[in-house]
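Chains as they are written, first to last, in the numbering used here: chain Y, 95 to 399; chain H, 95 to 399.
Cβ coordinates follow ideal geometry from the N, Cα and C atoms, glycine included.
Remember, it's a predicted structure, so these values are computed and weren't measured experimentally.
If you want it as structure tokens, here you go:
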């Protein structure tokens, strides 16, 4: 009952557009023949607005196009329409600081796996107040668990396509929560580290900042990309290379990145403790500071307020 | 335009119930916050009615319960309610020969992977005229392709849970169609044969009928199950064992099974030809005949007309 009331309040502060039209969130519905509903046959992006500007919007739109390519989506809805509706949704929300979800499905079709049955897309955009993560996450780090659920194989459903098939991640987070952890780290079928359920993973080992390559089976995060550029600009020692579980446990610092969370330190993975505040993690503290600076100086290309 | 008109006609002959309520198919919609839409966080069954009776209904309901268990779904909607709505949908359709899809989602929630955010289920049932497969499929067999898309790993998203995460299969059928094939056969990450996109696979090699074990990473088909019982009853030489690609190409007969298709012979896999009519496939011809007999003598437990 409490969850239901909480969800009802949640909807009241949510703005939804479907195919160019605004709906109250509690009446925002999609056909049960939409392939996103039937098969998870959809792609999406989660980005955010700060001070009335969408951050890294071109990066997100480019990744959406890349997901479409990987899944062989025909784009009946143009990229310009997608951008327009995204900005319109944020404008309508009136939120200076916002979370934005863009969902593009392969549209409605007969109940048939064959994607050639589709003839249009459905575009759903959802704006909400940007989630505020607890300050402790940034100061004291989070607790992750290395779960038994392995990441989808790159040859089965490529994790680099940001799609509506998220059961793999749902199972992983469920396993982590059952351990009392904040979230999960997943390995691939060869036992190499990939990513979390909604974030990329990084370690600092003997002074080198390391994150695994896309080929390990993970999503090319926008924060990952921009942080890598920043690290190169700063001339810091770094590498994109395979990470084994043993590397996690011999690392001095571990952190995660995502568009909505930016950089969050990891205080613990299962029984391994990395420390309990940023004073133990000089590299992370420096990157958090530098990344915040980077965001402040972002070109204000996409204004929605 | 033609696909759209075709789909519009399709909807006119489709009956939909959502959470106990009947909707015209073109107005049957679900919240965009339904986890089935957001994450493919749903389970389903596809069964069929013949002469006004649902066939193997208990098997399908048991499998739905098994899928729920594998994905740790809380069943807020009782099994009795699910059965009731399924029968109601078929009754309303008035179809003697029907296809029935039962979709149960983890319900609506905040946009969060955490399944504990959910507080109810959504139940969608869809009835349609039973698809009529071309007679040639049964007489002359179909053409399959062994695709590069591998089946979801049992440790990532278990294919034995019949869920709303079907992109893996969508990618596989797309690959097969691009080859001009009817459908796909998928291997697991170890290179062993699993199943097709919506059917189980069988071979006949040196007089032995073989189908791969669930552990290879495949769905426990209802037709597979009932055909295995029939084969045992008939005392035919058979085995449930791993199948390698080489076995496919050295087999004398190959066939597929699914609830809606029953038994269909395979005439060709890529460049390997098995023959062009049932006279080449004595084992399959016998099983098709015997399975049809079995269906005729099914206990008429679930009458909907």
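Nearest CB-CB separation between residue 145/Y and chain H: not below the 8 Å threshold. Going by beta carbons, residue 235/H and residue 359/H fall inside the 8 Å limit.
For residue 397/H, the closest alpha carbon among the candidates 365/H, 119/H, 294/H, 147/H is that of 147/H. Under the three-state reduction of DSSP output, residue 152/H falls in the helix class. Looking at the DSSP output, residue 125/Y shares a beta bridge with 123/H.
Listed in chain order, the alpha helix (DSSP H) runs fully inside the stretch 312-337 of chain Y are 316-327, counting runs of at least 4 residues. A residue is called buried once 16 or more other Cβ atoms fall within 10 Å of its Cβ, and residue 290/Y is buried on that count.
The shortest C-alpha to C-alpha distance from residue 202/H to any of 138/Y, 174/Y, 97/Y is the one to 97/Y. In the DSSP assignment, residue 239/H is bridged to 278/H. DSSP places residue 117/Y within a strand segment (E or B) once states are collapsed to three. At least one CB atom of chain Y sits nearer than 8 Å to the CB of residue 243/H. Nearest C-alpha to residue 161/Y among 257/Y, 318/Y, 104/Y: 257/Y. Close partners of residue 158/Y in chain H (Cβ separation under 7 Å) are lacking, with about 16 Å as the shortest Cβ gap. Only exposed fits residue 229/Y, as fewer than 16 other CB atoms lie within 10 angstroms of its CB. In the assembly as shown, residue 399/H is an exposed residue. Its beta-carbon has fewer than 16 other beta-carbons within 10 Å. Pairing residue 246/H with residue 266/Y gives a Cβ-Cβ distance that is not under 8 Å.
Measuring C-alpha to C-alpha distances from residue 338/H to each of 285/H, 105/H, 120/H, 270/H identifies 285/H as the nearest. The three-state secondary structure of residue 131/H, taken from DSSP, is helix. Closest option to residue 283/Y, judged by alpha-carbon separation, among 260/Y, 264/Y, 309/Y: 309/Y. A straight-line Cα-Cα distance of about 12 Å links residue 192/H and residue 353/H. For residue 111/Y, the enclosing beta strand (DSSP E) begins and ends at 109-112. Put simply, the CB of residue 345/Y is far from chain H, with every gap to its CB atoms at 8 Å or more.
If you draw a straight line from the Cα of residue 330/Y to the Cα of residue 194/Y, it is about 32 Å long. CA-to-CA, the gap between residue 364/Y and residue 238/Y works out to about 6 Å. Residues of the stretch 257-287 of chain Y with a C-beta atom less than 8 Å from some C-beta of chain H are 257, 258, 259, 260, 261, 262, 263, 264, 265, 267, 268, 271, 283, listed in chain order. Around residue 263/Y, the same chain offers 291 as residues with beta carbons nearer than 6 Å, after the five sequence neighbours per side are excluded. Relative to residue 220/Y, the option among 206/Y, 198/Y, 233/Y whose CA is nearest is 198/Y.
The DSSP-derived three-state label of residue 360/Y is strand. In this structure, DSSP gives residue 171/H a state outside helix and strand, which the three-state scheme calls coil. Between the alpha carbons of residue 179/Y and residue 204/H lies a distance of about 21 Å.
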